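Asker:
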Amino acid sequence: AINKGEPAKRYRWTVLPQGMKNSPTICQMFVAWALSDFRQQHPEWLVYQYMDDILVAGETLNYDMALRELRNAVEPKGLVIAPEKVQTQTPWKYLGWIVTGWIVTRNMIRPQKVEITTKIETLTDVQKLMGDLQWVRSIVGITSDDLAPLMPLLGHSTDAGEKCTLNSEQKQPLQSISFKI
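Residue numbering for the sequence shown is 23 to 203, as defined by my numbering.
#1: So, is A104 buried or exposed, given that buried needs 16 or more other C-beta atoms within 10 angstroms?
#2: Would you check if the distance between the CB atom of I138 and the CB atom of L188 is smaller than 9 Å?
#3: Between D147, T180, I164 and T47, which has its C-alpha nearest C186's C-alpha?
#4: Check for me: the alpha helix (DSSP H) holding V148 runs from which residue to which?
#5: Please name the residue, chosen from D86, A56 and E91, that lies closest to T110 on a Cα-to-Cα basis.
#6: If you draw a straight line from the C-alpha of P195 to the C-alpha of L151, how long is it?
#7: Does the distance from the C-beta atom of L172 to that of Q156 stay below 9 Å?
#8: Within a Cβ cutoff of 7 Å, which residues of the same chain sit near S179, ignoring the five residues on either side of it in sequence?
#9: Any contact of the region 89–102 with the region 157–172, i.e. 3+ C-beta pairs under 8 Å?
#10: Use the C-beta contact count for L68: other C-beta atoms within 10 angstroms, 16 or more gives buried, fewer gives exposed.
#11: Using CA coordinates, which residue listed in L77, S198, T122 and Q50 is at the minimum distance from I170?
#12: Starting from A79, trace the beta strand (DSSP E) in both directions and tell me its first and last residue.
Put into structure tokens, the structure is as follows:
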């Protein structure tokens, strides 16, 4: 995808978005399909999508019209835009970022405050940690090599309450990652 405007084609996740009973890849593809007509109708707007989070921005954007057209595009395809999730005023929050101005400059986009919990007791704790790290990895320079020692913690279990503990080879990279953040 150009400039991360659409989802990449491959994912490996254990946690699924709310309401989706199938794979994250299918979720991504389905939402991208539902947005395709809307994107074609408005090539001058940025339409970013990740799972079920959608960002629409543009110089000529009329908020009410854009929201109405977006709803008209996705609702016939079975998707609903939750009114409580629609953001109409600054600061806007999107995928770990906060946008604080109508005309966006580099200093008006900043990461949301990140709190990384390093207390790992269950698979759920590991999933939360890895999800938090995904949000900030490109911002603070966390590499795949940094994450590699932590990946085995995800394992193959589907029991969210399964007990997990960090070994010494995993504690050191986690401390290094925490320092970067």
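All C-beta atoms in this analysis are idealised placements derived from N, C-alpha and C, irrespective of residue type, glycine included. Model, not experiment: these values are computed from the prediction.
Answerer: Reading it off the structure:
#1: Your numbering for residue 104 matches position 82 in the sequence shown. Flag for A104 reads exposed.
#2: The residue you call residue 138 lines up with position 116 of the sequence shown. The residue you call residue 188 lines up with position 166 of the sequence shown. Cβ distance not < 9 Å, so I138 and L188 don't count as in contact.
#3: Start at 1 with the first residue of the sequence shown, and residue 186 comes out as number 164. Checking every option, the nearest Cα to that of C186 belongs to D147.
#4: Counting from one through the sequence shown, the residue named residue 148 turns up at place 126. Run containing V148: L145 to V162, per the alpha helix (DSSP H) assignment.
#5: Within the sequence shown, the letter at position 88 stands for residue 110. Closest by alpha carbon: D86.
#6: Position 173 of the sequence shown, counted from the start, is the residue given in the question as residue 195. Position 129 of the sequence shown, counted from the start, is the residue given in the question as residue 151. Each residue's alpha carbon lies about 13 Å from the other.
#7: By one-based count along the sequence shown, residue 172 stands at place 150. By one-based count along the sequence shown, residue 156 stands at place 134. No, these two residues do not count as a Cβ contact at 9 Å.
#8: Here the question's residue 179 lines up with position 157 in the sequence shown. Excluding positions up to five away in sequence, the list reads L145.
#9: no
#10: As a working mapping, residue 68 is identified with position 46 in the sequence shown. Exposed, because fewer than 16 other Cβ atoms sit within 10 Å of the Cβ of L68.
#11: The residue you call residue 170 lines up with position 148 of the sequence shown. With the sequence shown as reference, residue 170 is identified as Ala, and Ile is not the correct amino acid for it. Closest option to A170, Cα to Cα, is S198.
#12: Working through the sequence shown from its first residue, we reach residue 79 at position 57. Unbroken beta strand (DSSP E) run through A79: D75 to A79.
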